[in-house]
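So that you can map any letter, position 787 of the sequence shown is 787 in UniProt numbering, and since no number is skipped, the others follow by simple counting.
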Amino acid sequence: MTPAVSSWQPQDQSLHDLLILLRDAFRSDNRDQLMLQQRLASFNRIPEYNSYLAHILTRMPQQEAYTRAIAGLTLKNNIRSVFNDIPLPVLDHVKACCMETLHNPDPDISVRRTVASVITAIVTRAHPHNCNDIFNHLLEVLTNTTDNPIAIEMGLDTLAKICEDAPQEMGTHDMLDQMIPRVIHFVRHANDPKLRVLAMTATNQFIVTTPPAPALVRHMDEYLSALFALATTKNTNDDTRQQICHALVSMLESCPERLQSCISSVIEYMVYCTRDDNETIALEACDFWMEYCNLVRLRGQLLPHMDNVVAALLSRMVYSEADLLMMEDDDVDATTPANQQLIDPSTVPPPPPHMAQDDSNSATDSADENAIDHHDEDQDDGDLEDDEFYSEWTLRKCSAASLDMLSTTYGPPVVSALLPHLNGRLTSDDWKEREGGILALGAVAEGGMQHLAPHLPEMIPYLIQCLEDPKPLVRSITCWALGRFSVWFVEQAATPEGRRSFFEPLLFNLLRRILDRNKRVQEAACSALSTLEEEASMELVPYLEPILVNLTTAFHTYQHKNLLILYDALGTLAESVGAALKEPKCLFIMLPPLIEKWNRLSDHDAALFPLLECLSSVTTALGTDFAPYAEPVFTRCVKLVATTLQQVFLSDQNPDEYDPPDVDCIVVALGLLSGLVQGLGHLVEPLIANSNPPLLSLLAVCVHDPVSEVLQATNALIGDLAMACFDKLRAFLPPILPELINQISADAEFSAASINAVWAIGEIALRWDPADMQPFVEPILHKLLPLFIHPEIPEALRENISITLGRLGYGCPEMIAPYLAQFLDPWLHTSLALREDTEKDTAFQGLCKMVKMYPQILAAEQFFFLLRVIGGWQRPSQHLEQSFREILEGYKSMLPKEQWQQVWNNLPQEPQRSLSQRYNLML
Numbered sequence: 001m002t003p004a005v006s007s008w009q010p011q012d013q014s015l016h017d018l019l020i021l022l023r024d025a026f027r028s029d030n031r032d033q034l035m036l037q038q039r040l041a042s043f044n045r046i047p048e049y050n051s052y053l054a055h056i057l058t059r060m061p062q063q064e065a066y067t068r069a070i071a072g073l074t075l076k077n078n079i080r081s082v083f084n085d086i087p088l089p090v091l092d093h094v095k096a097c098c099m100e101t102l103h104n105p106d107p108d109i110s111v112r113r114t115v116a117s118v119i120t121a122i123v124t125r126a127h128p129h130n131c132n133d134i135f136n137h138l139l140e141v142l143t144n145t146t147d148n149p150i151a152i153e154m155g156l157d158t159l160a161k162i163c164e165d166a167p168q169e170m171g172t173h174d175m176l177d178q179m180i181p182r183v184i185h186f187v188r189h190a191n192d193p194k195l196r197v198l199a200m201t202a203t204n205q206f207i208v209t210t211p212p213a214p215a216l217v218r219h220m221d222e223y224l225s226a227l228f229a230l231a232t233t234k235n236t237n238d239d240t241r242q243q244i245c246h247a248l249v250s251m252l253e254s255c256p257e258r259l260q261s262c263i264s265s266v267i268e269y270m271v272y273c274t275r276d277d278n279e280t281i282a283l284e285a286c287d288f289w290m291e292y293c294n295l296v297r298l299r300g301q302l303l304p305h306m307d308n309v310v311a312a313l314l315s316r317m318v319y320s321e322a323d324l325l326m327m328e329d330d331d332v333d334a335t336t337p338a339n340q341q342l343i344d345p346s347t348v349p350p351p352p353p354h355m356a357q358d359d360s361n362s363a364t365d366s367a368d369e370n371a372i373d374h375h376d377e378d379q380d381d382g383d384l385e386d387d388e389f390y391s392e393w394t395l396r397k398c399s400a401a402s403l404d405m406l407s408t409t410y411g412p413p414v415v416s417a418l419l420p421h422l423n424g425r426l427t428s429d430d431w432k433e434r435e436g437g438i439l440a441l442g443a444v445a446e447g448g449m450q451h452l453a454p455h456l457p458e459m460i461p462y463l464i465q466c467l468e469d470p471k472p473l474v475r476s477i478t479c480w481a482l483g484r485f486s487v488w489f490v491e492q493a494a495t496p497e498g499r500r501s502f503f504e505p506l507l508f509n510l511l512r513r514i515l516d517r518n519k520r521v522q523e524a525a526c527s528a529l530s531t532l533e534e535e536a537s538m539e540l541v542p543y544l545e546p547i548l549v550n551l552t553t554a555f556h557t558y559q560h561k562n563l564l565i566l567y568d569a570l571g572t573l574a575e576s577v578g579a580a581l582k583e584p585k586c587l588f589i590m591l592p593p594l595i596e597k598w599n600r601l602s603d604h605d606a607a608l609f610p611l612l613e614c615l616s617s618v619t620t621a622l623g624t625d626f627a628p629y630a631e632p633v634f635t636r637c638v639k640l641v642a643t644t645l646q647q648v649f650l651s652d653q654n655p656d657e658y659d660p661p662d663v664d665c666i667v668v669a670l671g672l673l674s675g676l677v678q679g680l681g682h683l684v685e686p687l688i689a690n691s692n693p694p695l696l697s698l699l700a701v702c703v704h705d706p707v708s709e710v711l712q713a714t715n716a717l718i719g720d721l722a723m724a725c726f727d728k729l730r731a732f733l734p735p736i737l738p739e740l741i742n743q744i745s746a747d748a749e750f751s752a753a754s755i756n757a758v759w760a761i762g763e764i765a766l767r768w769d770p771a772d773m774q775p776f777v778e779p780i781l782h783k784l785l786p787l788f789i790h791p792e793i794p795e796a797l798r799e800n801i802s803i804t805l806g807r808l809g810y811g812c813p814e815m816i817a818p819y820l821a822q823f824l825d826p827w828l829h830t831s832l833a834l835r836e837d838t839e840k841d842t843a844f845q846g847l848c849k850m851v852k853m854y855p856q857i858l859a860a861e862q863f864f865f866l867l868r869v870i871g872g873w874q875r876p877s878q879h880l881e882q883s884f885r886e887i888l889e890g891y892k893s894m895l896p897k898e899q900w901q902q903v904w905n906n907l908p909q910e911p912q913r914s915l916s917q918r919y920n921l922m923l
């Protein structure tokens, strides 16, 4: 097919002016860049502007390639942004120019690639099914120009770009059945590696579509054969091996059955590529192992290769020179605390005798500490911005993640394959080898914990010792690895020996590393401590003083991101030990520096958000003991909410003048207010009454917010206020309650907001006068009953609906009881999963009120199930116990003796015994 030649010709003066403008507009030394860019943008008003750009790109070989490429990139951007505004004759001219170049490619590669990008822009904006003329030209180029490698390269490059930008639409294109065999031909037979790579790049796009492109599926065996031929060819170049790996990983993900017959050979090839000197290839191959763990059908076929797989992954878990070069060689030193006596755990009053530290594991003296913390190498491992756990994805991290997934999936075979390699690495003189070995040990901690357990008593002391390593990178990875074994350490704390030998050395050494001079180590130690706090919970109570001393001392030395992790560690501690923090010594250590930080941070400081979240956990744990500090914190939170709402209003009204604020400020402020309300209880009433602006007026605005996170926090605070000071909330309920009802839905995006709305309604129903609540009961039931039996709602939502239905029955039993038969079965089933607490107790009290009001509404099966559930209660409140007794005695007197005996005899033994003992219900 010969491309149509456009007869359009540019005007010489206009062409000359545009060329000058293009040259000047993109010169880096031009001081009038903004003006030139504005002039260039103004050309969009000229109908033939894009024809001029196409002419410069494709028909002016005498011009500099850079200028022509700039014209092409401008043309591509115009097509992408204003495609529908381009006149059809202009678009036809652009296509004609590009097709000419496709058949007669320009000698300059930058021009060829730019033309390919312009064609791609046209196809993606016009949609592939409307561009058969372009695909006919591409097919002709790939079929009839075998003696012109430049034309083939340009054709494949163009097709690869189109496939990359529109793989889903291309996957169903009618012409793909003709094109894919031709492209696969170049995978197998092209002499030029560039052509093979371009052909594979185009083909691989159709593997990852969902489902894989039917045309490729029909030719998959042919493609696999071509790939295997290349894989077994010696001296394939790096780009080729990378594309082979990409293809095999993609097939494993989307059509693993295609690899089943040859999976052993594929595994061997991927092991080989995982060891490749080119890290880009190795990283591509490394993805294979994580994807493999998801395949149940092929899982067993990896076992014979496990030793080689683990060895290959282990070899890539050592820092490369490139990894180390990425880390800035700057001073990451943190200020040394002035008073070492305050922070050294060895100076804290000793724990009870059975928890005393072994001398061999006691804190290092100050001189040794200084020798370590002032080591010259502390300053050569980068800042937090290059952090081990949050910087870009590397081969080392991918290898560790793969080993983690393999150990979780396979367990013992992975641990058995790893252990023979570890000893040599952990004792190596090369710090990078030691560090990589510790990384591997931490990677298998969670999946292989059970199988590593016999070796841990020997390994753990070595890891504790590594926390003193001169190299900060070794210290930081050791903190991370030890944190991964937190479950094991907590198990050891069950015995005095285990506590003394393992739990306490871990805790005290992590506390020392929290005050390390290296920021990377600080971060890793804080993160590990947070993990330990979550697992250890109340086991930490004997050590609260040294923990708090070190955490609060770090307030004075930590900077930027490490402060955020420090706040998280303190908040996690509060959540883990709760009211144990109320001890006067703990309050004295923790609150003054925490409030000082609060007072010093401005409302615009990014660190304020995590501090708000930390304080929320602390205030909830401390309860009324936080009261002396509550007023300024409460006032500032109300101010933050009000200010942000004002900014939202201004942005909505004048979007061109005001940027929208970060609504996270509202979310975290409301979260802290919830913590204060939960902690202070009724003591919060004066703060509510004196808030300026009124907090409850702000909540009446927040409850309308379109952002789900804001609604979630708002609804939680409304429920907390209902519990703590209902009288203050009462007057605002008529406008607030309809909004809570509106938010009840199965919408996944608003799931958390819906859960909290249902819970808040239950708290309100428990306390509001029935006459005031009644107008809202029908709308609430209209939302709750269909949702309660919805099969796919989150379990937390179902449980909250159960509690709220019971509480509605408590307040308005005459309105809820007629519906009891509709929801009692799922209600009772849901109740079995609920722990016995005040919420469940009051919900059952509501159920009892409804049953007593309409006892005949229960079917025989429902009554039998109710008996079983009542018999399963362990600690009902006195009020609920009495309600149960009245119900059971009422049914026993109401039912014929034979029917009661039949029900009783069918009860399982345990609830029958419970009911007999508690209510004397035997015949």
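We put the CB at the ideal spot given by N, CA and C, even for glycine.
Can you name the residues that DSSP bridges to Asn104? Counting from one through the sequence shown, the residue named residue 104 turns up at place 104. Paired residues: none, contrary to the question.
How many Å lie between Met355 and Leu532 at the Cα? Walking along the sequence shown from the start, residue 355 turns up at place 355. Walking along the sequence shown from the start, residue 532 turns up at place 532. Here Met355 scores only 29 on pLDDT, less than 50, and its place in the model is too uncertain to base an answer on.
Per DSSP, what kind of secondary structure is Asn518 in: helix, strand or coil? Position 518 of the sequence shown holds residue 518. Of the three classes helix, strand and coil, the one that applies to Asn518 here is strand, per DSSP.
According to DSSP, is Cys812 part of a helix, a strand, or is it coil? Here residue 812 corresponds to residue number 812 of the sequence shown, with the count starting at 1. It is coil, neither helix nor strand.
Out of curiosity, what's the CA-to-CA distance linking Leu19 and Cys614? Taking the first residue of the sequence shown as 1, we reach residue 19 at position 19. Taking the first residue of the sequence shown as 1, we reach residue 614 at position 614. Distance between the alpha carbons of Leu19 and Cys614: 60 Å.
Cβ-based neighbour list, Ser691, same chain, cut-off 8 Å, excluding 5 preceding and 5 following: Position 691 of the sequence shown, counted from the start, is the residue given in the question as residue 691. Taken in chain order, the residues that qualify are Phe634, Thr635 and Val638.
At what residues does the alpha helix (DSSP H) containing Ala579 begin and finish? Counting from one through the sequence shown, the residue named residue 579 turns up at place 579. No alpha helix (DSSP H) contains Ala579, which DSSP labels as neither H nor E.
Hey, Glu534 and Ser476: beta-carbon distance below 8 Å or not? By 1-based counting over the sequence shown, the position of residue 534 is 534. By 1-based counting over the sequence shown, the position of residue 476 is 476. It is not a contact, given that the beta carbons lie outside the stated cut-off.
Cβ-Cβ distance between Asp841 and Ser877 below 8 Å: Along the sequence shown, one-based indexing puts residue 841 at 841. Along the sequence shown, one-based indexing puts residue 877 at 877. Yes; because the gap between Cβ atoms is below 8 Å, this pair is in contact.
Along the chain, where does the alpha helix (DSSP H) containing Leu594 start, and where does it finish? Start at 1 with the first residue of the sequence shown, and residue 594 comes out as number 594. Element bounds for Leu594: Pro584 to Arg600.
6 Å CB neighbourhood of Val115 in its chain, flanking five on each side removed: Position 115 of the sequence shown, counted from the start, is the residue given in the question as residue 115. Within its own chain, the residues whose Cβ lies closer than 6 Å to the Cβ of Val115, once the five positions on either side in sequence are excluded, are Cys98 and Thr101, listed in chain order.
Work out the CA separation of Ala65 and Tyr49 for me, nearest whole Å. Here residue 49 refers to the residue found at position 49 of the sequence shown. Here residue 65 refers to the residue found at position 65 of the sequence shown. Note on geometry: alpha-carbon atoms of Tyr49 and Ala65 lie some 20 Å from one another.
Own chain partners of Asn509 with C-beta closer than 6 Å, once the 5 adjacent residues on each side are dropped: One-based indexing of the sequence shown puts residue 509 at position 509. Counting only residues of its own chain and dropping the five nearest sequence neighbours on each side, Asn509 has a CB closer than 6 Å to the CB of Ile464 and Leu467.
What is the residue span of the alpha helix (DSSP H) that Gln678 lies within? By one-based count along the sequence shown, residue 678 stands at place 678. Asp664 to Leu680 is the span of the alpha helix (DSSP H), which, as asked, contains Gln678.
Spatially closest choice to Leu740 from Ile134, Ser893, Gly681 and Ala757, by CA coordinates: Position 740 of the sequence shown, counting from 1, holds the residue named residue 740. Out of Ile134, Ser893, Gly681 and Ala757, Ala757 has the C-alpha closest to the C-alpha of Leu740.
If you draw a straight line from the alpha carbon of Gln909 to that of Arg918, how long is it in whole angstroms? For the purposes of this step, residue 909 is identified with residue 909 of the sequence shown, where counting begins at 1. For the purposes of this step, residue 918 is identified with residue 918 of the sequence shown, where counting begins at 1. Cα to Cα, Gln909 sits roughly 14 Å from Arg918.
Residue environment, Gly890, which counts as buried when at least 16 other CB atoms sit within 10 Å: As a first step, residue 890 is located in the sequence shown; it is residue number 890 there, counting from the start. Gly890 comes out exposed.
Compute the Euclidean distance between the alpha carbons of Val474 and Trp393, then round it to the nearest angstrom. The residue labelled residue 474 in the question sits at position 474 within the sequence shown. The residue labelled residue 393 in the question sits at position 393 within the sequence shown. If I take the Cα positions, the gap works out to 19 Å.
Classify Pro546 as buried or exposed, calling it buried when 16 or more other Cβ atoms lie within 10 Å of its own Cβ. On the sequence shown, residue 546 is found 546 positions in, with the first residue counted as 1. By the neighbour-count rule (16 or more Cβ atoms within 10 Å), Pro546 is buried.
Please list the terminal residues of the continuous alpha helix (DSSP H) segment that includes Cys637. Counted from its first residue, the sequence shown places residue 637 at position 637. Note, Cys637: alpha helix (DSSP H), Ala627 to Gln653.
List the whole-angstrom C-beta distance separating Ile281 from Gln242, where the pair is believed to meet the contact cut-off of C-beta under 8 Å. Counting from 1 along the sequence shown, the entry for residue 281 is found at position 281. Counting from 1 along the sequence shown, the entry for residue 242 is found at position 242. That belief holds up - the Cβ atoms of Ile281 and Gln242 are roughly 5 Å apart, short of 8 Å.
So the alpha helix (DSSP H) Val115 belongs to, where does it begin and stop? Against the sequence shown, residue 115 aligns to sequence position 115. Residues Ile109 to Ala126.
Distance, Cα to Cα, Gly675 vs Gly809? Counting from 1 along the sequence shown, the entry for residue 675 is found at position 675. Counting from 1 along the sequence shown, the entry for residue 809 is found at position 809. So the two alpha carbons sit approximately 29 Å from each other.
Return helix, strand or coil for Leu384, following the three-state DSSP convention. Here residue 384 refers to the residue found at position 384 when the sequence shown is read from its first residue. Confidence at Leu384 is low in this model, with a pLDDT of 31, below 50, so the placement of that residue should be treated as unreliable; the coordinate-derived value is given next. In the structure shown, the three-state DSSP call for Leu384 is helix.
Rounded to whole angstroms, what's the CA-CA distance from Glu385 to Glu284? Just pull it up for me. Taking the first residue of the sequence shown as position 1, residue 385 is located at position 385. Taking the first residue of the sequence shown as position 1, residue 284 is located at position 284. Below a pLDDT of 50, predicted positions are generally treated as unreliable, and Glu385, at 36, falls in that range; the measurement from the model is reported next regardless. Annotation: Glu385 to Glu284 spans about 25 Å, alpha carbon to alpha carbon.
Is the Cβ-Cβ distance between Leu230 and Thr236 less than 8 Å? As a working note, residue 230 is residue 230 in the sequence shown. As a working note, residue 236 is residue 236 in the sequence shown. Their beta carbons are under 8 Å apart, which means Leu230 touches Thr236 by this criterion.
Check the C-beta distance from His305 over to Val271 and give it rounded, since I have them as a contact under 8 Å. Locating residue 305 in the sequence shown gives position 305, counting from the first residue. Locating residue 271 in the sequence shown gives position 271, counting from the first residue. For a cut-off of 8 Å, the C-beta gap from His305 to Val271 is around 7 Å, short enough to register as a contact.
Which of helix, strand or coil does DSSP assign to Ile857? To locate residue 857, count along the sequence shown from 1; it is residue 857. Assigned with DSSP and collapsed to three states, Ile857 falls in helix.
Does the stretch 565-583 come close enough to the stretch 605-619 that 3 or more CB-CB pairs lie under 8 Å? Enough Cβ pairs lie closer than 8 Å, so yes.
C-alpha distance - His556 paired with Ala525, whole-angstrom precision: As a working mapping, residue 556 is identified with position 556 in the sequence shown. As a working mapping, residue 525 is identified with position 525 in the sequence shown. When rounded, the distance between both Cα atoms is 17 Å.
When Pro505, Asp108, Ala190 and Val118 are compared against Asp147, the one with the closest alpha-carbon: Position 147 of the sequence shown holds residue 147. Of Pro505, Asp108, Ala190 and Val118, the residue nearest in Cα terms is Ala190.
Helix, strand or coil for Leu313 per DSSP? By 1-based counting over the sequence shown, the position of residue 313 is 313. Assignment of Leu313 by DSSP, reduced to helix, strand and coil, places it in the helix class.
Where do the ends of the alpha helix (DSSP H) carrying Asn906 lie? Position 906 of the sequence shown, counting from 1, holds the residue named residue 906. From DSSP, the alpha helix (DSSP H) with Asn906 extends over Lys897 to Asn906.
Just checking my contact of Gly871 with Pro826 at CB under 8 Å: how many whole Å lie between their CB atoms? Indexing the sequence shown from 1 puts residue 871 at position 871. Indexing the sequence shown from 1 puts residue 826 at position 826. Gly871 to Pro826, Cβ: 20 Å. No contact.
CB-CB length for Asn715 against Ala765, believed under 8 Å: Against the sequence shown, residue 715 aligns to sequence position 715. Against the sequence shown, residue 765 aligns to sequence position 765. So it is not a contact: roughly 14 Å between Cβ atoms.
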